[in-house]
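Peer 1: Residue numbers (the numbering used here), protein chains in the order written: chain H, 50 to 616; chain D, 25 to 116; chain X, 6 to 153; chain E, 51 to 539. Mind looking over this structure? Questions follow.
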Amino acid sequence: MIENLPPGMILILGALLVPFLRGRVAGLYMLLLPVLGLAQLLALPDQYSLNLEFLGYELQPVRVDRLSRIFGIIFHLAAFLSVLYSLHVKDRIQQVSGLAYAGAGIGAVFAGDLITLFIYWELTAITSVFLIWASRTEKAHRAGLRYLVVQVLSGVLLLAGAIMHYEESGSLAFGHLGLGSTGTQLIFLGFGIKAAFPLLHNWLQDAYPQATPTGTVFLSAFTTKLSIYALARGYAGTDILIPIGAAMTAFPIFFAVLENDLRRVLAYSLNNQLGFMVVGVGIGTELALNGTAAHAFAHILYKALLFMTMGAVLHRTGTTKATDLGGLYKSMPWTTFFCLIGAASISAFPLFSGFVSKSMILTAAAEEHHLGAFLVLLFASAGVLHHSGIKIPFYGFFGHDRGLRTREAPLNMLLAMGCAAALCVGLGVWYEPLYALLPYAVDFEPYNVTHVVTQLQLLLFALAAFIFMYKVHLEPPEIRAIHLDTDWFYRRAGKRLALSLGASVQSLWAAVTGSALGVAGGLGAWVARVHRPGGPVGEPLPSGKSALWAALLLFAFLVLALLVSDI
Amino acid sequence: MEPHPPQNPPPPTGDEPGWPERPKNVRRLIALTIVLCVAAVAADLFYSKHGHYGFENITGFHALYGFFSYVGLVLIAGQLRKFLRREEDYYD
Amino acid sequence: MSIKPPMRMREKVLLRVASKAFIPLILLFALYVQFHGDFGPGGGFQAGVIFAAGFVLFGLIFGLEALQQVVPWSIVERAVALGLLVYGGVGVSCILRGGRFLDYGVLDHHSPMHGQHLGILIIELGVGLTVAATMLAIFYAMAGRGRA
Amino acid sequence: MSEHLSALIVVLPLLAAPVCLLLRQTRMVRAWTSIVAWACLCMALTLLERVHTGGVITYAMGGWDPPLGIEYRLDALNAYLLVIVTAIASVVFPSGVILTDTSLPEGKAHLYFAALLLCLAGLLGITSTGDLFNVFVFVEITSLSSYTLISLGKNRQALTAAFSYLVMGTIGGTFLLVGIGFLYQVTGTLNMNDLALRLPELLGSRTILAGFAFLMVGGSIKLAVFPLHQWLPNAYTHAPAAVSAFIAATATKVSYYLLARIIFTVFGAAFVFDALHLHWLLMPLAIAAMFAGSLAAVFQTDLKRLLAYSSIAQIGYMTLGLCMASETGLTGGIVHLFNHALMKGGLFLAVACVVMRTGSSSVNAISGLGRKMPLTMAAIVVGGLSLIGVPGTAGFISKWYLVVGALERGWYAVSVLILLSSLIAVVYVWRLVETAFFGVPEHEVCEVPWTSWLPTWILIGATLVFGIWTDVTVGGASAAARALLGVTP
């Protein structure tokens with residue numbers, strides 16, 4: 050029985066019972082669900098699959114192997130930590146959707162065919178949007194809708210690609226796909242949207258900071274890492290991923306430097322960390338894939354930890370804007386401490402979890418002689434220190450004391466942060482259990498003198514650079530502002546760009562965008578006018594006119610019939 | 025470049041500055057960082073590096089790379105801000 | 006079309022006397038058409054209309070209230086139902102007697118011809134009942150408009 | 051007795067209707083109607099089972115053999131339809147919301163139930179008969195009873211809605227009759243199978259072609275194919291909510307059956323699609339319906355109206371399946387017919403529950419009801435997901451077959467359009483979800499009693515069950531598709 054229940058189902062089905070429970074029982078029950086799920090997963094044999102015939106297609110709803118297992122384990126851990134962190138929340142919608150979302154993410158990881166994958170893929174989109182809407186603000190509402198459209202679009206691309214792939218190859222199995230056909234290219238694009246590839250990334254920075262404090266913790270763990278898993282499964286060793294990943298590591302950090310909202314900073318940093326994994330998938334050697342899996346594992350923990358600390362700040366102060374924060378270490382010492390651990394982990398200081406995983410990817414890049422990617426990753430590693438290692442703790446908890454005096458985070462939040470922090474340090478020191486879980490046999494030692502010294506040099510000098518820049522007042526000040534990103538293209542059409550490009554270009558551009566906007570706006574208005582109640586389609590015609598239509602159609606039929614009546 | 029906010033606004037609550045806020049301690053932390061930096065570069069002299077690329081074996085390569093990456097990042101970002109900055113209610 | 010106030014109709018002696026003489030004849034003729042229907046022109050449909058016409062005439066002359074005392078609405082409604090049930094009941098009884106639905110031949114085991122005859126007669130009766138009742142119902146509905 | 055089932059399934063509700071007039075008492079009539087519906091369902095299931103094991107069932111009315119007499123002829127397709135229609139009836143009729151939202155005067159409920167039974171009898175009659183003129187008679191029985199039912203809606207507009215439906219319905223019925231007349235004039239027969247045998251030699255005849263055109267347009271009016279759908283939104287909006295549930299879930303389905311029967315059985319796919327290229331006329335209409343219906347649904351402010359426009363879009367999907375004229379495409383169309391009956395029936399019942407509690411069917415009425423009426427709102431959510439075609443729901447299965455069918459024919463653009471129009475459904479469904487769960491409650495209400503939510507959930511639950519367990523629905527639909535195409539299994 051327990052084997053026949055696909056992993057993730059315990060969480061999805063269990064979530065449906067949550068509304069019927071009250072108080073502590075509900076809390077304990079929700080904590081128990083990920084534990085039970087993990088126990089079920091660990092009880093499954095090492096190589097296991099469940100096959101099913103559906104609509105005449107061979108499906109494989111469950112496929113356990115080493116690659117899916119490690120993602121399954123970390124997803125369960127993340128679900129447990131997220132539930133613990135959000136234990137104080139009374140909102141049933143958040144609880145149900147959070148658990149179901151985690152379950153859908155887990156289910157997707159164990160999907161052995163593209164249809165099952167698609168089903169879970171869309172389920173993650175549908176369940177997670179509630180975590181954004183649960184903020185119940187107008188901004189969150191709009192961001193949630195944009196998020197939903199992008200996520201559903203990614204699923205539709207996946208389905209369309211899967212169907213075309215099936216037409217070409219006759220197989221729906223989700224194994225290595227490559228970029229050989231239009232179908233697999235569509236699937237690649239669908240994965241790419243969810244993995245927040247450069248220029249497709251903006252839904253992430255747009256939506257995550259709008260979610261509830263606890264919702265962001267859930268969101269940070271599953272969606273993007275699911276797509277990293279999917280890329281590792283289907284497109285390992287695809288060269289184009291290396292430049293894509295390198296760009297992903299580099300360009301978000303510029304935005305992170307400028308951004309004022311610290312949760313948005315973390316969203317950019319999330320993007321940057323995904324870049325490391327994408328490069329790892331692109332290199333595609335055993336070492337690189339091990340590094341990707343390990344980095345995803347470590348990353349989920351420290352990123353969740355960082356989002357948790359910012360969530361606690363938001364919970365207590367109502368803001369995460371750098372311009373409003375500062376000096377919180379006095380009121381929230383434990384949160385500060387955990388934040389520093391998270392910062393050290395993401396910056397990959399030796400003895401913290403980021404170090405043991407990121408060095409694998411860097412080494413793999415060097416071994417395969419991807420010089421450009423290697424240098425970019427190195428640059429990005431120094432950049433990580435800026436936004437996540439320094440900016441988050443410094444502006445959030447130290448910096449200028451703005452006189453915010455509040456209480457320490459609630460106990461359940463502290464417990465969750467403590468667990469995550471313990472895991473971050475634990476994996477950095479005692480990394481063998483993690484390495485034992487990796488998809489391939491590991492022949493890699495993170496703590497050799499070269500690794501440690503070079504990493505320390507990189508980080509310490511970057512730190513020195515921070516002090517230097519801060520002292521000479523070259524550090525960009527925190528200001529109340531937002532910075533444009535690709536969402537600008539769909540949130541604000543191209544007029545403004547023209548302003549900085551000179552008058553002649555401006556007028557041309559304005560003409561072009563003006564007419565394009567005019568056409569688009571006109572089309573939108575036309576659709577609305579025609580289909581609104583009272584419009585020609587949205588309101589039934591009087592009988593006379595509909596009778597006229599009937600006559601017209603009869604005429605059409607008769608013409609059609611008479612045209613071919615010489616058969 | 026934007027005018028800097030005042031470096032040390034008085035804490036509005038008027039309570040004692042905490043340990044990390046006292047200038048003496050800040051100086052100590054900076055000194056510690058410099059010592060660690062020097063130590064890290066000095067360590068390069070005492071073992072044989074195993075970088076994959078030749079340039080990695082230059083003494084202090086990573087230190088320089090880290091320092092200039094950071095400076096470059098911040099300076100470029102500062103320039104980008106001129107183009108990308110908008111008021112907070114830009115999209116509203 | 007509105008009906009003129011009944012009081013004035015009732016006052017006209019000629020109409021009252023003539024209709025009193027005609028109504029029984031109309032009903033009798035209806036019955037003739039009804040039972041003659043299986044051999045000659047006629048049948049349940051025509052008979053029902055003629056039958057109802059007799060009552061309508063009564064209603065026109067003596068007023069709606071008087072007619073509704075003779076044939077209350079509930080009777081009309083039940084008669085519609087009953088007629089249909091007679092019709093369908095014959096069909097079902099054919100099945101019960103081992104034939105097909107509406108296979109009158111089986112109604113008389115000795116002579117299918119006689120069975121057919123019997124079947125058509127009962128069915129026409131049902132039709133006549135329903136049609137007459139429906140006509141009256143329509144009349145009630147039209148005449149009752151604007152009163153409630 | 052059992053060989054008479056194919057006649058009894060029509061006769062029983064037909065004769066049960068007058069019995070309502072004799073019973074009169076509302077409670078007894080309600081119970082009677084439910085029992086009749088359940089009995090019909092049992093008969094339909096038996097018939098379906100028998101068709102699948104023993105092949106086509108024919109029944110000669112009154113012992114007169116076809117083609118002279120009226121023949122009832124059941125194959126995999128009509129047996130499947132009978133099950134759908136009776137299943138919906140046996141869920142809707144006993145429902146606690148059956149009298150909600152009506153303007154019935156005191157003590158007149160028995161007339162309403164009699165009309166419901168007549169409507170059921172008409173639908174079952176159209177489905178089972180093998181005689182074209184008999185089809186026309188039952189079409190009229192169905193139409194007349196549904197005009198009555200629609201006019202019983204709570205608002206005064208119900209009367210005008212019923213009247214404009216009457217006008218369009220009469221035009222449709224007349225077109226059917228004219229078409230049947232033309233065919234009879236040339237062939238001298240009304241039996242569909244006999245027609246199918248005689249027609250191939252006469253297909254060049256202009257009378258036949260004109261008859262075909264009249265039949266198509268008449269059927270299209272009844273089915274509410276895109277530009278002829280104008281009667282539908284008002285009728286569904288102003289009818290009593292339970293009547294909308296019943297009619298939306300059954301009447302258009304039966305009209306679809308009729309069109310499919312005329313195209314495939316009487317005239318044959320070879321003539322209609324290969325020679326006449328009908329799909330070049332019908333397919334644009336189907337696609338226009340998918341988009342226009344869904345887009346119009348987005349802008350509606352009334353729940354019933356929203357669902358009505360969504361129905362127009364769904365009819366578009368089914369018609370598209372018809373145009374494909376392949377086994378996969380027809381399977382998709384027919385299985386969508388089944389699934390759409392379930393989800394639209396369930397959704398309209400859920401709306402009836404909303405009307406029962408709030409007295410209004412506007413979209414704002416469900417604002418914030420997610421907490422107050424969780425079961426009803428959950429039903430709307432699940433039904434909506436099924437309308438979109440989210441995997442795990444029945445809607446996904448049918449859209450899957452339609453997409454695959456389009457790909458098989460090489461109509462890649464069409465398959466993309468199916469997916470795109472589903473995205474529009476996301477918009478109107480999420481509007482409901484959001485209003486229900488994130489809106490501010492306007493009404494202080496509580497959940498409806500079990501007699502009302504249980505029927506809703508039977509239908510909605512079925513969309514979930516048939517979203518995963520497809521043996522019965524897809525199996526039945528593909529058997530029906532093969533029967534239409536004349537492929538012997």
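Heads up, the beta-carbon is just placed ideally off N, CA and C, and yes, glycines get one too. Since we're looking at a predicted model, the values are computed, not measured.
Closest Cβ-Cβ distance between F144 of chain X and chain E: below 9 Å?
Peer 2: With 9 Å as the cut-off, F144 of chain X does not count as an interface residue toward chain E.
Peer 1: Does F56 of chain X have its Cβ less than 9 Å from a Cβ in chain E?
Peer 2: F56 of chain X does not count as touching chain E.
Peer 1: Curious, which full-length alpha helix (DSSP H) runs of at least 4 residues does the region 348–399 of chain E contain?
Peer 2: Segments of the alpha helix (DSSP H) lying fully in the region 348–399 of chain E: 353–374.
Peer 1: When burial is assigned at 16 or more other CB atoms within 10 Å of the CB, is E494 of chain H buried or exposed?
Peer 2: Exposed, by the Cβ-count rule.
Peer 1: Output, in sequence order along the chain, the residues in the region 100–129 of chain E whose CB is closer than 8 Å to any CB in chain X.
Peer 2: Those residues of the region 100–129 of chain E that come within reach of chain X (Cβ to Cβ, closer than 8 Å) are Y109, A110, M111, G112, G113.
Peer 1: To which residues of the same chain is Q364 of chain E closer than 6 Å at the C-beta, ignoring the five residues directly before and after it?
Peer 2: Around Q364 of chain E: H390.
Peer 1: What is the rounded straight-line gap between the Cα of Q89 of chain H and the Cα of G283 of chain H?
Peer 2: If I take the Cα positions, the gap works out to 26 Å.
Peer 1: Going by DSSP in three states, Y306 of chain E sits in which element: helix, strand or coil?
Peer 2: Helix at Y306 of chain E.
Peer 1: For N414 of chain E and L58 of chain E, I'd like the C-alpha separation in whole angstroms.
Peer 2: Distance between the alpha carbons of N414 of chain E and L58 of chain E: 45 Å.
Peer 1: Just to make sure I have the definition right: I need the residues of chain X whose C-beta is within less than 7 Å of the C-beta of A57 of chain E. Which are they?
Peer 2: Near A57 of chain E (Cβ distances below 7 Å), the residues of chain X are F106.
Peer 1: When burial is assigned at 16 or more other CB atoms within 10 Å of the CB, is T366 of chain H buried or exposed?
Peer 2: The residue is buried, with at least 16 neighbouring Cβ atoms inside 10 Å.
Peer 1: Spatial neighbours of G489 of chain E within its chain, please: CB distance less than 6 Å, with the 5 preceding and 5 following residues excluded, ordered by chain position.
Peer 2: S417, G418, listed in sequence order.
Peer 1: So, Q234 of chain H versus A192 of chain H, is the Cβ gap smaller than 9 Å?
Peer 2: In this structure, A192 of chain H does not lie closer than 9 Å to Q234 of chain H by Cβ.
Peer 1: DSSP beta-bridge partners for V111 of chain H?
Peer 2: For V111 of chain H, which the question treats as bridged, DSSP gives the partners H:L99.
Peer 1: Below 9 Å between beta carbons: does that hold for G455 of chain E and G525 of chain E?
Peer 2: Their beta carbons are not under 9 Å apart, which means G455 of chain E does not touch G525 of chain E by this criterion.
Peer 1: Under the DSSP definition of a beta bridge, which residues are partnered with K370 of chain H?
Peer 2: K370 of chain H pairs with H:D310.
Peer 1: From M266 of chain E to L309 of chain E, what does the alpha carbon distance come to, in whole angstroms?
Peer 2: Distance between the alpha carbons of M266 of chain E and L309 of chain E: 7 Å.
Peer 1: So, at 7 Å on beta carbons, what are the nonlocal neighbours of A183 of chain H in its own chain, with the 5 sequence-adjacent residues on each side left out?
Peer 2: Closer than 7 Å at the Cβ level, and outside the excluded window around A183 of chain H, lie D140, I142, Q143, T261, G264.
Peer 1: For H580 of chain H, is the classification buried or exposed, using 16 other Cβ atoms within 10 angstroms of its Cβ as the cut-off for buried?
Peer 2: It is buried - the Cβ of H580 of chain H has at least 16 other Cβ atoms within 10 Å.
Peer 1: What residues from chain E crowd round P582 of chain H, counting only those whose CB sits closer than 9 Å?
Peer 2: Under the 9 Å cutoff, chain E gives A346, F349, Q350, T351, D352, R355.
Peer 1: Would you grab the beta carbon distance between G232 of chain H and G210 of chain H for me? Rounded to a whole angstrom, and I think it's under 8 Å.
Peer 2: With 8 Å as the limit, G232 of chain H and G210 of chain H qualify as a contact, their Cβ atoms being about 5 Å apart.
Peer 1: Could you pull out every unbroken alpha helix (DSSP H) segment of at least 4 residues lying fully inside the region 234–259 of chain E, listed in chain order?
Peer 2: 242–252, all fully within the region 234–259 of chain E.
Peer 1: For a contact defined as C-beta to C-beta under 7 Å, what are the partners of E82 of chain X on chain E?
Peer 2: Result: L71.
Peer 1: Report the neighbours of T499 of chain H on chain D: residues whose CB is nearer than 8 Å to its CB, in chain order.
Peer 2: Simply Y71, K73, H74, G75.
Peer 1: Using a Cβ-Cβ distance under 9 Å, would L65 of chain E count as near chain X?
Peer 2: Closer than 9 Å to some Cβ of chain X, the Cβ of L65 of chain E qualifies, so yes.
Peer 1: Quick one: what's E121 of chain E bridged to in DSSP?
Peer 2: For E121 of chain E, which the question treats as bridged, DSSP gives the partners E:A110.
Peer 1: In terms of residues, what are the limits of the alpha helix (DSSP H) holding D255 of chain H?
Peer 2: Run containing D255 of chain H: 251–256, per the alpha helix (DSSP H) assignment.
Peer 1: Report yes or no: is there a C-beta of chain E within less than 9 Å of the C-beta of I242 of chain H?
Peer 2: Chain E contact via Cβ: absent.
Peer 1: Which same chain residues, not among the five before or five after L290 of chain H, have their C-beta less than 6 Å away from its C-beta?
Peer 2: V327, V330, G331.
Peer 1: Have a look at H:E524, H:F271, H:F401, H:A569 and flag the residue whose alpha-carbon is nearest the alpha-carbon of F129 of chain H.
Peer 2: The residue with the shortest Cα to Cα distance from F129 of chain H is H:F271.
Peer 1: Tell me the DSSP secondary structure of D162 of chain H in three-state form.
Peer 2: D162 of chain H: strand per DSSP, three-state reduction.
Peer 1: Contact between the region 166–175 of chain H and the region 493–513 of chain H: three or more CB pairs below 8 Å?
Peer 2: No: fewer than three Cβ pairs fall under 8 Å.
Peer 1: Can you pull the DSSP bridge partners for T152 of chain E?
Peer 2: Paired residue(s): E:G203.
Peer 1: Could you say if the region 508–521 of chain H and the region 83–101 of chain D meet the contact criterion of at least three C-beta pairs nearer than 8 Å?
Peer 2: Contact between the region 508–521 of chain H and the region 83–101 of chain D is present, because at least three Cβ pairs lie under 8 Å.
Peer 1: Which residue wins for smallest C-alpha separation from N81 of chain D, given the options D:A67, D:N49, D:Y94?
Peer 2: The shortest Cα separation from N81 of chain D among D:A67, D:N49, D:Y94 belongs to D:A67.
Peer 1: So is P47 of chain D in contact with chain H if we call contact Cβ pairs under 9 Å?
Peer 2: For P47 of chain D, the answer is no, since every Cβ of chain H falls outside 9 Å of its Cβ.
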